[in-house]
Structures are given as structure tokens and as C-alpha cells.
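S.K.:
Protein chains: 2
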Amino acid sequence: MADIHPEHTHIIEQTKANMPSEEILEKTAEVFKVFGDKTRIRILAALSEGEMCVCCLCDLLEMSQSAVSHQLSVLKAARLIKSRREGKQMYYSLDDAHIGAILCTGISHVEED
Amino acid sequence: MADIHPEHTHIIEQTKANMPSEEILEKTAEVFKVFGDKTRIRILAALSEGEMCVCCLCDLLEMSQSAVSHQLSVLKAARLIKSRREGKQMYYSLDDAHIGAILCTGISHVEED
DNA sequence: AAAACATATGAATAATTGTTCATATATTCA
DNA sequence: TGAATATATGAACAATTATTCATATGTTTT
Numbered sequence: 001m002a003d004i005h006p007e008h009t010h011i012i013e014q015t016k017a018n019m020p021s022e023e024i025l026e027k028t029a030e031v032f033k034v035f036g037d038k039t040r041i042r043i044l045a046a047l048s049e050g051e052m053c054v055c056c057l058c059d060l061l062e063m064s065q066s067a068v069s070h071q072l073s074v075l076k077a078a079r080l081i082k083s084r085r086e087g088k089q090m091y092y093s094l095d096d097a098h099i100g101a102i103l104c105t106g107i108s109h110v111e112e113d
Numbered sequence: 001m002a003d004i005h006p007e008h009t010h011i012i013e014q015t016k017a018n019m020p021s022e023e024i025l026e027k028t029a030e031v032f033k034v035f036g037d038k039t040r041i042r043i044l045a046a047l048s049e050g051e052m053c054v055c056c057l058c059d060l061l062e063m064s065q066s067a068v069s070h071q072l073s074v075l076k077a078a079r080l081i082k083s084r085r086e087g088k089q090m091y092y093s094l095d096d097a098h099i100g101a102i103l104c105t106g107i108s109h110v111e112e113d
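Sequence order for the protein chains is H and V.
Numbering-wise (our numbering), the first sequence opens with residue 1 and increments by one.
Numbering-wise (our numbering), the second sequence opens with residue 1 and increments by one.
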């Protein structure tokens, strides 16, 4: 690793002081990691249109029930979605407005280019 | 996979019609995947305070030059950051305002809870 | 209570990925 | 030009992870 030039130490200290805590950054990375999978993004995009049951998601995404359920559990553990039971079926929806906002921002970034 | 109830087919078709294309969703997942790593989030958080050279990032993050450079190249390939050379040093900065916005939204989501 | 239906989950496998080590490239300075 | 400095990069290894298969759990219907 290269030596630090004296005129850089100030910038480094100041940046260090202004950055969010390691804990916040770690958690933020974990949240983005959950967004960072095609299957999960497809699920989130579907749910951003409204709540949906597992079998509908399977049909819509043309994926196995097992694969969808596994990813739903990842999304739920990260609190990106919530669930509600209605008889035999489970309905999933986005957990809060933040989730839709993050998704939209990401999609916009991709679309505008 | 369970059968689809007749009353669900409408919802499925409508959701399918409203969702972004597979290509957009795939690219969006790829973007979030790049955000979904602690080292890269730390780099982005540092750069959101202003441009910085590689050796400063190494010092700030207490990581090897090789590890930092590898992640910088991932960030650059995904166009999240851009670089500029000044003599022997390379200065990196966020590519555009979107990047800072996505980062901030993610951090806010983590902080507000 | 048994059968049918909808969903969840453990284990295994295949694929992806982050770091390290060694080394290459590029720029400046003597 | 040669040495020193700053950064980049290929290969290898370890760790993480998404899907599949088989099966378990929970709910309704007969």
C-alpha cells in the first residue's frame, strides 16, 4: 500500500468523520444485496403492482414453487415484503413505501441511459 | 406448482403487462448487485464526500491496495464511478447524481427503523 | 379423519464472487 | 535511462448463494 501524502491526511480524516457508521454501511450493503438478484427483483416488481399469492408469482415468473418460496423467505427475512394468509393461500406485498422507492430509483437509473 | 384460479388470471396478465421488461429488470438487479457489497458501499460512501485517490481509499478503509483496486474496477465497469488521472495517481468519483441518490435512499431506509 | 391443495424448508449441488499473492503497467523523478 | 511510486490485473482459493429435489407443515373440503 502506498504512503499517504501529508496533504491527503486532512481529506481522509474529514471523510472518515462524515461517513455513516460501519454498522449502517454494513446493513445498507445487506439490503442492496437482497435487491441484487434477478428473481427477487422480478418478485418485487410484480408486488409493486399490488399484493399477490405464491402460485400467481410462480405462474407470472414461470418458476418453480420451491424457488419462488425460497426467495420470498429471503425477501421477508430482510423485511422487504410482508405476508398475509387467506385460507390456503399466502399473499405477499411490499413491506413499506421505501421498498418501492428504492426499486423505482434503480429502474429509473437503468432506463435513463 | 399449484393451478391458477380463474379469478387470478386477470391479475397475472395485468401485472405482466405493467412490469418493466425482462432486460430492464435484469440490468436493475445487476446494478443493485454492485451496491450489495460492504467494501463497495464503503467506497461509494467515501466518494460521496468527494473525489479521492486510491491510496487514500486504502488508508481510509484499511484495506489492501489490490482489494480496493479490484472493487474500483467493478464499480467502474458498472458505471457507478468514473476516474481521472493526475500524475501517478488516479482520482475516483461518483459517476452521476443517481448513484448518490440510490446510496442515500438505501442508507435512509436502514437508518429510519 | 382422510384427501387435496398451497406453501415452506432442509440438504445437496453448481455457479458466482471477494480477497490474497504475485506481477504487470504507467507515470514521475533523478 | 533506470529507479521509485501508484495503480491494475491474472490466477487461485475460500466463501457465499440460487436452484432443484424431496418432503414437511398448515389449511380446507368431503
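Note that beta-carbon positions come from the ideal geometry of N, C-alpha and C, so glycine has one too.
1. Which residues in chain V sit within 7 angstroms of VAL31(H), going by Cβ to Cβ distance?
2. Which residues in chain V have a C-beta closer than 7 angstroms to the C-beta of LEU60(H)? List them in chain order.
3. So with CB distances below 9 angstroms, who are the chain H contacts of MET52(V)?
4. For HIS98(H), go through chain V and note every residue whose CB falls closer than 7 angstroms to its CB, in chain order.
5. Roughly how many angstroms lie between the CA atoms of ALA118(V) and PRO20(H), to the nearest whole one?
6. Which one of ARG84(V), ASP113(V), SER69(V) and ALA46(V) has the shortest CA to CA distance from ILE99(V)?
7. Any beta carbon of chain V sitting closer than 9 angstroms to that of GLY36(H)?
8. Sorted by chain position, which residues of the same chain lie with C-beta nearer than 7 angstroms to GLU51(V)'s C-beta, five sequence neighbours on each side aside?
9. What does ILE4(V) reach in chain H if we use C-beta pairs closer than 8 angstroms?
10. Tell me whether ARG42(V) sits in a helix, a strand or coil according to DSSP, three-state version.
11. Answer with yes or no whether the minimum CB distance from ALA77(V) to chain H is below 9 angstroms.
12. Starting from the Cα of THR39(V), find the closest Cα among GLY87(H), LYS27(H) and CYS55(H) and give me that residue.
13. Give the single residue among VAL34(H), SER48(H) and HIS5(H) whose Cα lies nearest to the Cα of ASP96(H).
14. In its own chain, which residues sit with a C-beta less than 7 angstroms from the C-beta of ARG79(H), not counting the 5 before and 5 after it?
15. Going by DSSP in three states, GLN14(V) sits in which element: helix, strand or coil?
16. Taking LYS88(V) as part of the alpha helix (DSSP H), name the residues at either end of that continuous run.
17. By Cβ distance, which residues of its chain are closer than 6 angstroms to LEU61(H), with the 5 residues on each side in sequence left out?
18. If we ignore side chains and look at the alpha-carbon of each, how far apart do GLU87(H) and LEU103(H) end up?
19. Which of the three DSSP states is assigned to LEU80(V) in this structure?
20. Going by DSSP, what residue range makes up the alpha helix (DSSP H) through GLY100(H)?
21. Please report whether the beta-carbon of GLU22(V) lies at a distance below 9 angstroms from any beta-carbon of chain H.
M.R.: Concretely, from the data shown:
1. To locate residue 31(H), count along the first sequence from 1; it is residue 31. Simply GLY106, HIS109 and VAL110.
2. Here the question's residue 60(H) lines up with position 60 in the first sequence. Those are ILE12, THR15 and LYS16, listed as they occur along chain V.
3. Residue numbering aside, residue 52(V) sits at position 52 when the second sequence is read from its first letter. Ordered by position in chain H, the residues that pass the 9 angstroms Cβ test against MET52(V) are HIS8, ILE11, ILE12 and THR15.
4. Counted from its first residue, the first sequence places residue 98(H) at position 98. Residues of chain V with a Cβ closer than 7 angstroms to the Cβ of HIS98(H) are, in chain order, HIS109.
5. Residue 118(V) is absent from the structure shown; chain V starts at 1 and stops at 113.
6. Working through the second sequence from its first residue, we reach residue 99(V) at position 99. Considering only alpha carbons, the answer is ALA46(V).
7. Here residue 36(H) is taken as the residue at index 36 of the first sequence, counted from 1. Among the residues facing chain V, GLY36(H) is included, as its CB has a counterpart in that chain under 9 angstroms away.
8. As a working mapping, residue 51(V) is identified with position 51 in the second sequence. Contacts found: TYR91, TYR92 and SER93.
9. The residue labelled residue 4(V) in the question sits at position 4 within the second sequence. By Cβ distance, chain H contributes CYS55, CYS56 and ASP59.
10. Position 42 of the second sequence, counting from 1, holds the residue named residue 42(V). Helix at ARG42(V).
11. By 1-based counting over the second sequence, the position of residue 77(V) is 77. Not one chain H Cβ lies under 9 angstroms of ALA77(V).
12. Looking up residue 39(V) in the second sequence gives position 39. Per the C-alpha coordinates, the member of GLY87(H), LYS27(H) and CYS55(H) positioned closest to THR39(V) is LYS27(H).
13. Here residue 96(H) corresponds to residue number 96 of the first sequence, with the count starting at 1. Comparing Cα positions, the closest option is SER48(H).
14. As a working note, residue 79(H) is residue 79 in the first sequence. Closer than 7 angstroms at the Cβ level, and outside the excluded window around ARG79(H), lie ASP95.
15. As a position in the second sequence, residue 14(V) is number 14, starting the count at 1. Three-state DSSP puts GLN14(V) in a helix.
16. Your numbering for residue 88(V) matches position 88 in the second sequence. For LYS88(V), no alpha helix (DSSP H) run applies, since DSSP gives it neither H nor E.
17. In the first sequence, counting from the first residue as 1, residue 61(H) sits at position 61. Around LEU61(H): ARG42.
18. Here residue 87(H) corresponds to residue number 87 of the first sequence, with the count starting at 1. Here residue 103(H) corresponds to residue number 103 of the first sequence, with the count starting at 1. The sequence shown places Gly at residue 87(H), rather than the Glu named in the question. Inter-residue distance for GLY87(H) and LEU103(H) is about 30 angstroms (C-alpha atoms, whole angstroms).
19. The residue you call residue 80(V) lines up with position 80 of the second sequence. The answer is coil: DSSP assigns LEU80(V) none of H, G, I, E or B.
20. What you label residue 100(H) is simply residue 100 of the first sequence in a count that begins at 1. For GLY100(H), the enclosing alpha helix (DSSP H) begins and ends at 97 to 111.
21. Here residue 22(V) is taken as the residue at index 22 of the second sequence, counted from 1. For GLU22(V), the answer is yes, since a Cβ of chain H falls inside 9 angstroms of its Cβ.
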